[in-house]
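Working notes for the structure below.
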Amino acid sequence: MAISDVATFAHLSEADVEALGREFDAIRQDILESRGADDAAYIGRIISIQRRLMVAARLTLFASGFPPAWVAGTAMLAAGKILENMEIGHNVMHGQWDWMNDPEIHSGTWEWDNTCPADQWKHSHNFVHHTFTNVLGKDNDVGYGILRVTSDQKWHPVNLGQPAYNALLALLFEWGVALHDLDIVSIRKREKDPNELKRQLKGIWRKVRRQVGKDYIIFPALSGPNFLTTLSANVTANLVRNVWSYMIIFCGHFPDGAEKFTAEELEDETKPEWYLRQLLGSANFEGSRFLHVMAGSLGYQIEHHLFPDLPSNRYPEIAERVQALCEKYDLPYTTGPMYRQYGQVLRTIFRLSLPTRSVNPAPDSPKPRRATPDELRSHNGPLAPQAAVA
Amino acid sequence: MDDAREPEGGPESNVRYVRSVVARMTTPLLPDDYLHLVNPLWSARELRGKIIEVLPETGDAATLVIKPGWGWSFSYQAGQYIGIGVHLNGKWHWRSYSISSSPADSSSRSRRRLLTITVKAMPEGFLSEHLVRGLEAGTIVRLALPQGEFVLPDPPPAKILFWTGGSGITPVMSMLRTLDRRGTMPDVVHIHAAPTMEAALFRDERLALATRHVGLHLIENFDDQHGILDVDRVAQVCPDWDAREAWVCGPAPMLAAAEQRWEHAKLSRRLHLERFSAVLTTSAEGGCVTFDASGKTAEVDGATTLLEAGEAAGIQMPFGCRMGICHTCIVPLKKGMVKDLRNGAEYHENAGVQTCITAAAGDCVLEI
Chain G
1 MAISDVATFA
11 HLSEADVEAL
21 GREFDAIRQD
31 ILESRGADDA
41 AYIGRIISIQ
51 RRLMVAARLT
61 LFASGFPPAW
71 VAGTAMLAAG
81 KILENMEIGH
91 NVMHGQWDWM
101 NDPEIHSGTW
111 EWDNTCPADQ
121 WKHSHNFVHH
131 TFTNVLGKDN
141 DVGYGILRVT
151 SDQKWHPVNL
161 GQPAYNALLA
171 LLFEWGVALH
181 DLDIVSIRKR
191 EKDPNELKRQ
201 LKGIWRKVRR
211 QVGKDYIIFP
221 ALSGPNFLTT
231 LSANVTANLV
241 RNVWSYMIIF
251 CGHFPDGAEK
261 FTAEELEDET
271 KPEWYLRQLL
281 GSANFEGSRF
291 LHVMAGSLGY
301 QIEHHLFPDL
311 PSNRYPEIAE
321 RVQALCEKYD
331 LPYTTGPMYR
341 QYGQVLRTIF
351 RLSLPTRSVN
361 PAPDSPKPRR
371 ATPDELRSHN
381 GPLAPQAAVA
Chain U
391 MDDAREPEGG
401 PESNVRYVRS
411 VVARMTTPLL
421 PDDYLHLVNP
431 LWSARELRGK
441 IIEVLPETGD
451 AATLVIKPGW
461 GWSFSYQAGQ
471 YIGIGVHLNG
481 KWHWRSYSIS
491 SSPADSSSRS
501 RRRLLTITVK
511 AMPEGFLSEH
521 LVRGLEAGTI
531 VRLALPQGEF
541 VLPDPPPAKI
551 LFWTGGSGIT
561 PVMSMLRTLD
571 RRGTMPDVVH
581 IHAAPTMEAA
591 LFRDERLALA
601 TRHVGLHLIE
611 NFDDQHGILD
621 VDRVAQVCPD
631 WDAREAWVCG
641 PAPMLAAAEQ
651 RWEHAKLSRR
661 LHLERFSAVL
671 TTSAEGGCVT
681 FDASGKTAEV
691 DGATTLLEAG
701 EAAGIQMPFG
711 CRMGICHTCI
721 VPLKKGMVKD
731 LRNGAEYHEN
741 AGVQTCITAA
751 AGDCVLEI
């Protein structure tokens, strides 16, 4: 059940919440003050690797009629696009690198290799999702307007098709992202300003034309006799990128233990409570450094949501401090191997396609540990254990 | 693509066409974003330059010889300044310096197309210190195109007074070199003040120029020997100062004194000044500044610049020279009014405002 008050949910006193907020602020301040040449070198290196990968991929694919070249080129192209979208584009557009004062690596100027125009992404993601994270009815990323991912969302017969929608969303993820800021729900409710809609559609069209032109017309055409094989390579690379980014992103807020919230929580929410909501609403996954970079550092979803504008290469060290705080304040820190996190997501999506309200038959999600039966009885607000049995 | 380096040579529109075609392949990036990985100078997206040499001048000054990359224009005028951005501790820091080389040099095909700036290390100026002592040959810097009104017309006026103090000599050095190369040296009096003889920049070159050109009269003032040179002494050593077109560059008090003297003589039209620090004279009313993207707000007084206000509020403000000349810090003003602290000019909704020299005049909203 969705949470309407994070402090009560976490069994923290007002003073504790304030103190926790100060600890998060201190982490932030330490990182802000220690940003320097090493961090700049990191993003410079990643960008340089990514661009070299793209050049190598495009050149290799001129010979895409030769199967090994097709495989190598497609792999490099997919890897390049994943790096660009995840570790570079997403993070640059969050303003993580604005402090370098470099107009070429700046949230104000970055445009990414994706059909979604940067300005619309920054609105739907940086603003809507990161401000109203996991708040039902406010954060359009909760199920993306087409999936029932929490039992708080009312079941509708349409949800029976969820497993199929889910597969389609994975394959066409970049297109879903492109249309996301249009806010389909508000269009359906006829609340959308038609002029704004027109402006957004124009922006998407401009971007789509360039992206499609490059991947599906220009580079295949430049391959001459290998037109079709280059085309199939480019389609495949885009699909691989789509499925990969879909998985990473779904592991961020839909595994067990990533809580949802009601709009009530937003009323008079303080900054420390905002931190707490980000912590409770996000889920990490574990993996090697390579996996984390390819995931755009979103294996550190919790840290990313607490500090979306701190450089992504610093998340590992931030994670250690955040985990220590969770120990100290007896708060859940949701993480696990990627296959398990994604397995939970899939299970939720499949189960919630039915009118069931039970997501999790054998709850193994971390829960606040400080709650005692007495405390539970004394609270009126909805609490986690109830959510699990509801 | 070589044409991009010589805008006045090849037809520029062809270059643009080729670029736009190639950009269809590199979208959403530009061809430059890939090419500068091969050679750092092959990008016109942000102008770049390579430090070819750092030549020590006096104890605390050095001349940086820079080879500009694609997109650079050598069609500058003697006396103009450029912006130079240096990557230090992960950040690009910008400053502006007068070009000390002559456009007459760089346009000659026989010489390499280089430009120089001369920098004096300022006490507590961490960047100027770095430029003078910490920069190595081969370093890539960012550049901003030449600009400025402190220039010498061509042909030059018949009678000229140059009055320079300290490192204020750099734009005038460019003018002297230009007059020398073009062979158009008119009747020039150059008064230069430096703390000591050793600290006087370009001394040997100026003495050599003076022996070569009968029209060039050098007057040197070394503060340790002759005391501080004030505007009255200038009038003494150059009695016909009021008959000359004057270019004055140096510390702020010197400029203020010159401004007053020329104004008093109703000759302001003939006085050209170059300021290297913004003189913030007026103040605005202040108000509540809202930073739109984050929704953060700051209550500020009318003497606090929008840049300072934003930085204090934790906003990642773009910044450059911090003195109103490089235009790096421009942010769109969404609502309200701001005032230019140098001259009181008002900017309204939808204007791009230089945050480093403007302050809130009432409540306003910045799009950042």
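From first to last, the protein sequence lines are chains G and U. Counted the way our numbering counts, the first sequence spans residues 1 to 390. Counted the way our numbering counts, the second sequence spans residues 391 to 758. Where is the CB? At the ideal position from N, CA and C, for every residue including glycine.
In the structure shown, Thr506 (chain U) adopts extended strand secondary structure according to DSSP, grouped into three states. Assignment of beta-bridge partners to His607 (chain U) by DSSP yields U:Val579.
Arg485 (chain U) sits in a strand when the DSSP states are folded into three classes. A distance below 9 Å separates the beta carbons of Val208 (chain G) and Thr115 (chain G).
Gln744 (chain U) is bridged by DSSP to U:Ile720. When Cβ-Cβ separations below 9 Å define contact, Asn479 (chain U) makes contact with chain G.
Non-local C-beta neighbours of Asn91 (chain G) in its own chain, meaning closer than 6 Å and more than five positions away in sequence, comprise Ser312, ordered along the chain. In the structure shown, the three-state DSSP call for Gly676 (chain U) is strand.
Nearest in C-alpha terms to Arg52 (chain G), of all of U:Ala590, U:Val604, U:Pro421, is U:Pro421.
When only Cα atoms are considered, His607 (chain U) and Pro576 (chain U) end up about 11 Å apart. In terms of beta-carbon proximity, Val55 (chain G) lines the interface with chain U, with at least one pair separated by less than 9 Å.
As for any alpha helix (DSSP H) of minimum length 4 sitting wholly inside the region 226 to 264 of chain G, the runs are 227 to 253, ordered along the chain. Neighbours of Phe709 (chain U) in chain G, taken as residues at a C-beta separation under 9 Å, are given in chain order as Asn101. Counting only Cβ-Cβ distances below 9 Å, Glu23 (chain G) has no contacts in chain U at all, with the closest Cβ about 18 Å away. Between Thr60 (chain G) and Gly80 (chain G), the C-beta spacing is not below 9 Å. In this structure, Tyr329 (chain G) and Leu20 (chain G) form a Cβ contact; the two beta carbons are roughly 6 Å apart against a cut-off of 8 Å. Ser463 (chain U) is classed as exposed because its beta carbon has fewer than 16 other beta carbons within 10 Å across all chains shown. Using beta-carbon distances, Ile218 (chain G) counts as an interface residue toward chain U, with a partner under 9 Å. Rounded to whole angstroms, Leu331 (chain G) and Pro272 (chain G) show a C-alpha spacing of 14 Å.
For Arg438 (chain U), the secondary structure class from DSSP, reduced to helix, strand or coil, is strand. Annotation: Cβ neighbours of Asp423 (chain U) in chain G (cutoff 9 Å, chain order): Ile47, Arg51, Glu104. Listed along the chain, the chain U residues whose CB falls inside 8 Å of the CB of Arg210 (chain G) are Arg414, Thr417, Pro418.
Residue pairing by DSSP puts Lys549 (chain U) in a beta bridge opposite U:Asp577.
Per the coordinates, the alpha-carbon of Leu32 (chain G) lies some 10 Å from the alpha-carbon of Asp25 (chain G). The CB of Leu427 (chain U) comes closer than 8 Å to the CB of Ser48, Arg51, Arg52 in chain G, given here in chain order. Within the same chain, and ignoring the five residues on either side of Glu675 (chain U) in sequence, the residues whose Cβ sits closer than 7 Å to its Cβ are Gly692, Ala751, Gly752.
Listed along the chain, the chain G residues whose CB falls inside 7 Å of the CB of Gln706 (chain U) are Gly95, Asp98, Trp99. Under a 10 Å Cβ-count criterion, Ala527 (chain U) is classified as exposed, with fewer than 16 other Cβ atoms of the shown protein chains found around its own Cβ.
In summary, the residues of the region 212 to 243 of chain G whose CB is separated from some CB of chain U by less than 9 Å are Gly213, Lys214, Ile218, Phe219, Leu222, in the order they occur in the chain. Between Ile758 (chain U) and Pro722 (chain U), the C-beta gap is smaller than 9 Å, which places the two residues in contact.
Beta-bridge partners of Cys754 (chain U) (DSSP): U:Val679. DSSP, reduced to helix, strand and coil, places Lys214 (chain G) within a helical segment of the structure shown. Residues of chain G whose Cβ lies closer than 9 Å to the Cβ of Glu436 (chain U) are, in chain order, Asp102, Pro103, Glu104.
Taking a beta-carbon distance threshold of 9 Å, Arg35 (chain G) counts as an interface residue toward chain U. Arg58 (chain G) belongs to the set of residues whose beta carbon lies under 9 Å from a beta carbon in chain U. Scanning chain G for C-beta atoms nearer than 8 Å to the C-beta of Trp637 (chain U) yields nothing, as the closest lies near 33 Å away.
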